[in-house]
Structure formats: C-alpha cells, structure tokens
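There are 2 protein chains.
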Amino acid sequence: MTTTDAPQTQIVADPDVPLVRITLEFDAPREKVFRAHTDPDLVVQWQGPRDMQARIEHHDCRTGGSYRYVHVQDGVEYGFHGCFHEVRPAELIVQTFTFEGMPDGVALEKLVLAELPGGRTRLVATSLVDSFADRDAFLASGMESGVREGYRRLDALLAG
Amino acid sequence: MTTTDAPQTQIVADPDVPLVRITLEFDAPREKVFRAHTDPDLVVQWQGPRDMQARIEHHDCRTGGSYRYVHVQDGVEYGFHGCFHEVRPAELIVQTFTFEGMPDGVALEKLVLAELPGGRTRLVATSLVDSFADRDAFLASGMESGVREGYRRLDALLAG
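Line by line, the protein sequences are chains A and B.
Residue 106 in the working numbering sits at position 106 of the first sequence; the count goes up by one each step and never skips.
Residue 202 in the working numbering sits at position 42 of the second sequence; the count goes up by one each step and never skips.
Now the structure itself:
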C-alpha cells in the first residue's frame, strides 16, 4: 500500500513486519520541524484531523518523559498517551502510543529527521505493533486521512 | 525455536512477527511476582546473569515513569534504559528497552501475569523489535542464558 499527496506524504505498510512507515519532506530546517513536535504550544496547532479540537494534558518531550492528549469531536473525547523512550534534539524521537479506546494496543513509534540540501527536512515516522491484523485494522480505521491532514497543517505552520 | 528448563522457562521466537515470547510459572501469588518486578530493592536481587553485579540507577515503575540500570562484569559497565508505558498493579507492565551498547535498538516489552490455581502465577513476557535480523541476533547473543539465570534467581527469591 503506497499513496502520495501534498506535502508528498507517503504511507507504506511494510511487507515483512507489522509496521507502518510514513515519509515526507518539509521546506523548513530540521530544528524547526523538531520544535513543532516537542513544544506543546506548537504540537496542539497541527496534530490530528482538522475537524477535531486537540487538548494536550501533558507533553514532557524528553528521554524518560511522557504525554497525554485528547481529541474532542462533538463533545466526545478520544484520549491518547505514551512515554518518550528517547529524544535526541533535531534528530530522533522514540515513543510509545496507545489510543485509549483500545487500551491494550500499544505501538512503538520512531521519528527520524534528516537534513536535506536547501534547508529542507525529510521526516520518516514508523509505527510498530505486534500483529499484522492490528496494523491493518489501524490503517483501515481512517488513521491515514488523519495523518495526512495533520501533516498538511504542520506544513502550513512551518511555512507561517 | 523452543527450549525448556527449570523453572520451566519456555523461550519462543514467533514465526510471524519479530517477537520473542517467554513463558514460565512461579509457585507464588501474582502480587508477589509483580512486586519483584517493581520494587528496585527486589529487582536488583534477581535480574540478569549470575556472574554480573547489577546496579539500579533509577527504577520508577509507574505509568509514565522510566528506568536505568547497569550490569558490571570485570569492571566493564553495560547500561540499559527505557520508559514505562503502562503499569497495572499485579497484572501488566508495558515498557521500552535499549541496551546502550546498541543505542539505536529499541524493544517494546510486555509482561503479563495471570493467576493460576494453588496460588501460582503464569508470567508471559514478550519483546518486540522492528526486524527479524535484530530479533535473531538478540537471541543468538546469549540473551537466552541470561534470561534463564535471571528467572532461576527470581524463582529462588520468591521461594525465600
């Protein structure tokens, strides 16, 4: 499964392991892309689908920290939480992720930022779970469109 | 790959996903087995191979906490660290794990404790990584014998 749209978001289901790999490029230096992931005041401006209100409960983005945020749609709250395994400035964020509607599901997420010529940045985000069925259900759940919308908003925020 | 020894430690490499599953039973109630995983003063008494000295730097075993410990052999230190994604008393610990000798490797670990008749406990510990090559290298590295020795020491600690 490979699809592409502006800003060139590629979402690939790995054929060998239950992992999703998202690749895209931003017209901004990686320090700025990194900050948009670590500063809760910026994160809240782009994360998730456009039609939901995000509320960040806490977002302690450092090695050994943790986070929880809530998306609100028509008065219904959807909670998400995890811990930050490792944070390397401008380079790498490794974290866990649970959607609280499926409290036994856990993903291991890795965000890697690479410097490109011309002050651009390539972002590669992987999400690993322990079964292909769960990975494919996750892809089928509409997660793709939420991810694409989020990254479109991030792209606009970085351009602003 | 399936092998068994006292205390009936079964270590299985999953055929479908890059995961190792360790199953064993203890002649102790699960609250006690859980405490041996969460209380650093107990953890330090059983974790890891017999011929290494363990030193716990911190072990904040709660949802959103983190840990780091060091194994010392012949003056050489081997560091390990991670964060606790979720801790449910007597039931579940989900955490990340990195051996600092391979700082880019991360495993997502899940420990599940189930009550058995007669005050016994079944422990199922899974460790998920993002490639079969890394999983198999990990199994080939002598990790198995360290795990078996650790669980033998835990068994003795619980009996004491």
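Glycine residues also receive a C-beta, built at the ideal position from the N, C-alpha and C atoms.
Computed from a prediction, not measured in an experiment: that's the story for all the values here.
For residue i, which option in the options has the closest C-alpha, if you only look at C-alpha atoms?
i              : options                           : result
P200 (chain B) : B:Y227, B:D187 and B:R181         : B:Y227
A247 (chain A) : A:R122, A:T126, A:P117 and A:L113 : Since the first residue shown for chain A is 1 and the last is 160, residue 247 (chain A) is missing from the structure and cannot be characterised.
V236 (chain B) : B:H245, B:P277, B:E260 and B:E269 : B:E260
Y151 (chain A) : A:P15, A:D74 and A:V124           : A:V124
E191 (chain B) : B:P167, B:P249 and B:H231         : B:P249
D264 (chain B) : B:F240, B:E217 and B:V254         : B:F240
L252 (chain B) : B:R282, B:P178, B:I216 and B:D176 : B:R282
P189 (chain B) : B:D220, B:M262 and B:P277         : B:P277
Y238 (chain B) : B:M262, B:H218 and B:H245         : B:M262
Give me the DSSP bridge partner(s) of residue i.
i              : result
K356 (chain B) : Only positions 161 to 320 of chain B appear in this structure, which leaves residue 356 (chain B) out of reach.
L299 (chain B) : Answer is none; L299 (chain B) lacks a bridge partner.
H81 (chain A)  : A:R68 and A:T98
A13 (chain A)  : A:V20
E115 (chain A) : A:T121
A54 (chain A)  : A:H71
H219 (chain B) : B:Y227
V87 (chain A)  : A:I93
Between the alpha carbons of residue i and residue j, how many angstroms are there, rounded?
i              : j              : result
R35 (chain A)  : E275 (chain B) : 46 Å
F292 (chain B) : G160 (chain A) : 42 Å
V193 (chain B) : L318 (chain B) : 7 Å
T183 (chain B) : R50 (chain A)  : 44 Å
G224 (chain B) : C83 (chain A)  : 5 Å
R313 (chain B) : D187 (chain B) : 13 Å
A172 (chain A) : E25 (chain A)  : The structure shown has nothing for residue 172 (chain A), since chain A only spans 1 to 160.
V272 (chain B) : G119 (chain A) : 47 Å
R215 (chain B) : E269 (chain B) : 21 Å
H71 (chain A)  : L19 (chain A)  : 24 Å
L8 (chain A)   : V147 (chain A) : A quick correction: the sequence has Gln, not Leu, at residue 8 (chain A). Their Cα atoms are separated by approximately 12 Å.
M161 (chain B) : S145 (chain A) : In this prediction, M161 (chain B) scores a pLDDT of 46, lower than 50, which makes its location untrustworthy; no coordinate-derived value is stated.
Assuming residue i and residue j make a contact with CB atoms under 8 Å, what is their CB distance in whole Å?
i              : j              : result
D130 (chain A) : L288 (chain B) : 5 Å
V247 (chain B) : R222 (chain B) : 5 Å
V177 (chain B) : V17 (chain A)  : 7 Å
Selection of the stretch 210-229 of chain B by Cβ proximity to chain A, strictly under 7 Å: Of all residues in the stretch 210-229 of chain B, those with a C-beta nearer than 7 Å to a C-beta of chain A are G224 and S226, reading in chain order.
Residues of the stretch 267-291 of chain B in Cβ contact with chain A at a cutoff of 9 Å, in chain order, please. Residues of the stretch 267-291 of chain B with a C-beta less than 9 Å from any C-beta of chain A: A267, L268, K270, T286, L288, V289, D290 and S291, listed in chain order.
Short of 9 Å Cβ to Cβ, which residues in the stretch 71-90 of chain A face chain B? Residues H81, G82, C83, F84, H85 and E86.
Using a Cβ-Cβ cut-off of less than 9 Å, give me the residues of the stretch 90-102 of chain A that come near chain B, in sequence order. The residues in question are L92, V94, Q95, T96, F97 and T98.
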